[in-house]
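Residue numbers (my numbering), protein chains in the order written: chain A, 18 to 217; chain B, 18 to 217.
Beta carbons: idealized from backbone N, C-alpha and C, even for Gly.
Remember, predicted model here, so these are calculated numbers, not experimental data.
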DNA sequence: CGTTCTTTTGACCGTTTGGTCAAACCAAGA
DNA sequence: TCTTGGTTTGACCAAACGGTCAAAAGAACG
């Protein structure tokens, strides 16, 4: 029987995970130091290591928490729903994820850029299976004439690329747009784009 | 008068830059070590530092070389050309860049993820000016009814996102696609997408 | 051959890194 | 109040880090 966590434990573990997310999502695993995380969390380094046994443990905890919800928007794509509505709703959910959890998106991007050393088998198994399944649904819609014929895999890639871009390349987007807010325009643009592509 | 580089200098400098590109594009600046670069280049660490004075010098040289060509495809967008052809040609050029220089694309992605500490002012000045200029051209095309009305900034972002995705998220794309080659399908998909969006 | 200039290397240095540990601190209940 | 268990810390360690340097090795050319 595991002990229930005290209030202090909850607070400090949450602070460490948030600080770790800040730093890991910017600098990747190897570019991140425990001192950086400790300072961002407002703890001393030994105190940090009292809650997590190692740097890798913090990173793993973050990746696991991320993967729990990362695939949910795609899972929700329903074969029984209206095709164009299902797909534009998926785009909206993914864009909301980028807007509300940009650090998580960048953590994922960093992991992929490094060659996905921790989640490679998840990509090859869980992710591939899920995408194959949903791609089949999309292909079915196309075959039935409910949407324009498109390559379902590249359609899914395009949704990932377009939505995550606003989180991962946030600095560049803001440098170009200046004061203008990115996400309102993005939502409109993406809705327009996919309606035209799929043929509403 | 500067001395002409010897053959050995040319070979070793090229080897160092290529090795540095390999490592920096995977692990970012802070996550990369001189020993990693030295080993990948087949040189000892002191020998490496005989050709470049510091780790940062290698990184800077790579970023400068990258920026020299990075904006060229957008610069080539011609107001006098046929709008849809100009834009789809831009997409093709960017996609070719991702295919032929994926490490450079990942180096850029890493720099942006880290908050663009080295190129922030280039983004805010050179890049912003260039995008403003080309966005005005696109807006002009839309106003003249030559293409469907779209937000020109998000249109450009979408081209960046979609093309660079195949280089930056290469591991994920390949994990999902298996053996199938990504770039042929991508080229077809992107051509289809932008023709429909812009209304040919 | 000998000389000169370039290239390479082993040994080294100070700092940073991930991580340990014993001791001190502190909150809370008996 | 005292005790007990969770929490915090300063001091410390070995390894890895970016970088230096003098000396050795090698190329080039008369």
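- Under the three-state reduction of DSSP output, residue 189(A) falls in the helix class.
- Excluding its 5 nearest sequence neighbours in each direction, residue 58(B) has C-beta neighbours in its own chain below 7 Å: 32, 33, 36, 65, listed in chain order.
- Within the stretch 50–112 of chain A, the complete alpha helix (DSSP H) segments at least 4 residues long are 51–58, 62–68, 72–87, 89–92, listed from N- to C-terminus.
- Residues of the stretch 119–135 of chain A that bring their beta carbon within less than 7 Å of a beta carbon in chain B comprise 123, 126, 127, 129, 130, 131, 132, 133, in sequence order.
- Residues of chain A whose Cβ lies closer than 7 Å to the Cβ of residue 156(B) do not exist; the shortest such Cβ separation is about 13 Å.
- Of 172(B), 80(B), 133(B), 125(B), the smallest CA-CA separation from residue 208(A) is found for 172(B).
- Using a Cβ-Cβ distance cut-off of 8 Å, the stretch 157–171 of chain B and the stretch 141–161 of chain A are not in contact, since fewer than three pairs of beta carbons, one from each stretch, lie closer than that value.
- In this structure, DSSP gives residue 167(B) a state outside helix and strand, which the three-state scheme calls coil.
- Against residue 190(A), the close residues of chain B are 174, in the order they occur along the chain (beta-carbon pairs closer than 8 Å).
- In the same chain as residue 45(A), and ignoring 5 residues on each side of it, the C-beta atoms closer than 7 Å to its own belong to 127, 131, in chain order.
- Sorting 201(B), 29(B), 147(B) by C-alpha distance to the C-alpha of residue 62(B) places 29(B) at the top.
- Taking the Cβ atoms as the reference, residue 214(B) lies roughly 7 Å from residue 167(B), within the contact range of under 8 Å.
- The DSSP-derived three-state label of residue 33(B) is helix.
- Judged by pairs of C-beta atoms under 8 Å, the stretch 48–58 of chain A does not touch the stretch 77–95 of chain A, as fewer than three such pairs exist.
- Annotation for residue 125(B): the continuous alpha helix (DSSP H) segment containing it runs 119–130.
- Closest by C-alpha distance to residue 140(A), out of 88(A), 102(A), 112(A), is 88(A).
- With distances taken between CA atoms, residue 152(A) lies nearest to 175(A) out of 204(A), 196(A), 134(A), 175(A).
- If the five residues before and after residue 69(B) are omitted, its C-beta is found closer than 6 Å to the C-beta atoms of 75, all from its own chain and listed in chain order.
- Remark: C-beta atoms of residue 129(B) and residue 84(B) do not approach each other more closely than 9 Å.
- DSSP, reduced to helix, strand and coil, places residue 177(B) within a helical segment of the structure shown.
- When the alpha-carbon of residue 82(A) is set against those of 38(A), 47(A), 143(A), the nearest one is in 38(A).
- Only those residues of the stretch 79–112 of chain A whose C-beta falls short of 8 Å from the nearest C-beta of chain B would be listed, and there are none.
- Residue 155(A): member of the alpha helix (DSSP H) spanning 145–160, first to last residue.
- When secondary structure is reduced to three states using DSSP, residue 184(B) falls in the helix class.
- One finds nothing in chain B with a Cβ atom closer than 7 Å to the Cβ of residue 162(A); even the nearest lies about 16 Å away.
- Residue 136(B) carries a coil assignment under DSSP once its states are collapsed to helix, strand and coil.
- Rounded to whole angstroms, residue 112(A) and residue 184(B) show a C-alpha spacing of 21 Å.
- Straight across, the Cα-Cα distance linking residue 194(A) with residue 122(A) is about 21 Å.
- Its chain contains 148, 152 as the residues whose beta carbon lies nearer than 8 Å to that of residue 170(A), once the 5 sequence neighbours on both sides are disregarded; these appear in chain order.
- Taking a beta-carbon distance threshold of 9 Å, residue 67(B) does not count as an interface residue toward chain A.
- At a cut-off of 9 Å between beta-carbon atoms, residue 137(B) makes contact with chain A.
- Looking at 105(B), 178(B), 145(B), the one whose alpha-carbon comes closest to that of residue 205(B) is 105(B).
- Across the set 212(A), 133(A), 192(A), the C-alpha of 192(A) shows the shortest separation from the C-alpha of residue 146(B).
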